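Here is the structure we will look at.
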């Protein structure tokens, strides 16, 4: 599999007809509803590294190695800390999400594109509800979403675990055959694709220096149906024109 370089805004070329059956739109949060240039996720990364430093007395290099281990074995650092060290998840989430959203600007164009999508819109995130509300609120798009399914509602079982998607679908009565999933981590699209969802991988327009090589997206994976570096542009032809008034 190839990791991304500089692809066009959509691979393969977008066909609106391919989404004509979709009326459930499911979005990841971090690095999906905003670009990495907003410097939100790097701050979360720093906070997680600092949490490990304070908990274990590790230096930066050792913290990165431990995070990679947790990521590969458990899907998230939090799940690894809970399983192996009985860390309180609320303490971790509160600490990790104490970030500055100054560089995150409102995105009315994205809001318009989401509003025009036919049907229901939901957020499915490995972060907390509070973090999702803060970020989506700063973007000016929170009111477009019916609900947020966060890591707490998932029982702290993160994507890409199949049970998390199944619980999400059941809670919100989502038919996966009529749903699309937008996500910036390629492996988190494996289960949605297997369940019958249309999948879209969101990648950065420029290389993300804050993402490790082992986190990079494989854009030619079979469970990735579309790849885009511009979510707003991708969504625009999928919506229905809004009536003035």
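In my numbering, the protein residues as written are 1 to 245. We put the CB at the ideal spot given by N, CA and C, even for glycine. Predicted model only: the values in this text are computed from it and were never measured.
Output yes or no for whether 7 Å exceeds the beta carbon distance between residue i and residue j.
i: residue 120; j: residue 146; result: yes
i: residue 16; j: residue 238; result: yes
i: residue 126; j: residue 151; result: yes
i: residue 124; j: residue 149; result: yes
i: residue 158; j: residue 190; result: no
i: residue 179; j: residue 21; result: no
i: residue 200; j: residue 11; result: no
i: residue 183; j: residue 86; result: no
i: residue 223; j: residue 198; result: no
i: residue 104; j: residue 44; result: no
i: residue 204; j: residue 36; result: yes
i: residue 137; j: residue 111; result: no
Report the three-state DSSP secondary structure of residue i (helix, strand or coil).
i: residue 147; result: strand
i: residue 39; result: coil
i: residue 161; result: coil
i: residue 213; result: At residue 213, the pLDDT of 45 sits below 50, so the modelled position is not reliable; the number obtained from the coordinates is stated separately. Of the three classes helix, strand and coil, the one that applies to residue 213 here is helix, per DSSP.
i: residue 310; result: In the structure as shown, the chain starts at 1 and stops at 245, and residue 310 therefore has no counterpart that could be examined.
i: residue 11; result: strand
i: residue 49; result: helix
i: residue 71; result: helix
i: residue 128; result: coil
i: residue 232; result: helix
i: residue 191; result: helix
i: residue 103; result: coil
i: residue 254; result: This structure leaves residue 254 out entirely; the chain is present only between 1 and 245.
i: residue 238; result: helix
i: residue 152; result: coil
i: residue 31; result: coil
i: residue 58; result: coil
i: residue 137; result: helix
i: residue 44; result: helix
i: residue 64; result: helix
i: residue 20; result: coil
i: residue 186; result: helix
Under the rule that 16 or more other beta-carbon atoms within 10 Å means buried, what is residue i, buried or exposed?
i: residue 73; result: exposed
i: residue 171; result: exposed
i: residue 69; result: exposed
i: residue 143; result: exposed
i: residue 59; result: exposed
i: residue 90; result: exposed
i: residue 169; result: buried
i: residue 56; result: exposed
i: residue 176; result: buried
i: residue 38; result: buried
i: residue 194; result: exposed
i: residue 30; result: buried
i: residue 240; result: exposed
i: residue 214; result: Low confidence applies to residue 214: its pLDDT is 38, below 50, so where it sits in the model is not reliable, and the reading given next is rough at best. So residue 214 counts as exposed.
i: residue 192; result: buried
i: residue 113; result: buried
i: residue 229; result: buried
i: residue 102; result: exposed
Which residue marks the beginning of the alpha helix (DSSP H) containing residue i, and which one marks its end?
i: residue 114; result: 108-115
i: residue 179; result: Careful: residue 179 lies outside any alpha helix (DSSP H), inside the beta strand (DSSP E) at 179-183.
i: residue 199; result: Looking at the DSSP string, residue 199 is not in any alpha helix (DSSP H); the run it does join, the beta strand (DSSP E), is 198-202.
i: residue 90; result: 89-96
Under 8 Å by Cβ, that's how I've got residue i and residue j pegged, so tell me the actual separation to the nearest angstrom.
i: residue 128; j: residue 81; result: Incorrect: roughly 15 Å between the Cβ atoms, too far for contact.
i: residue 96; j: residue 47; result: 5 Å
Can you tell me where the beta strand (DSSP E) with residue i in it begins and where it stops?
i: residue 81; result: It is not in any beta strand (DSSP E) - residue 81 instead sits in the alpha helix (DSSP H) that spans 77-85.
i: residue 27; result: 24-27
i: residue 228; result: 226-228
Confirm the yes/no value for this check: CB of residue i, any heavy atom of the ligand ATP, distance under 6 Å.
i: residue 44; result: In terms of ligand content, the structure shown is empty, and the ligand ATP therefore cannot be addressed.
Please decide whether residue i counts as near chain C, where near means a Cβ-Cβ distance under 7 Å.
i: residue 56; result: Chain labels in this structure do not include chain C; a single protein chain is all it has.
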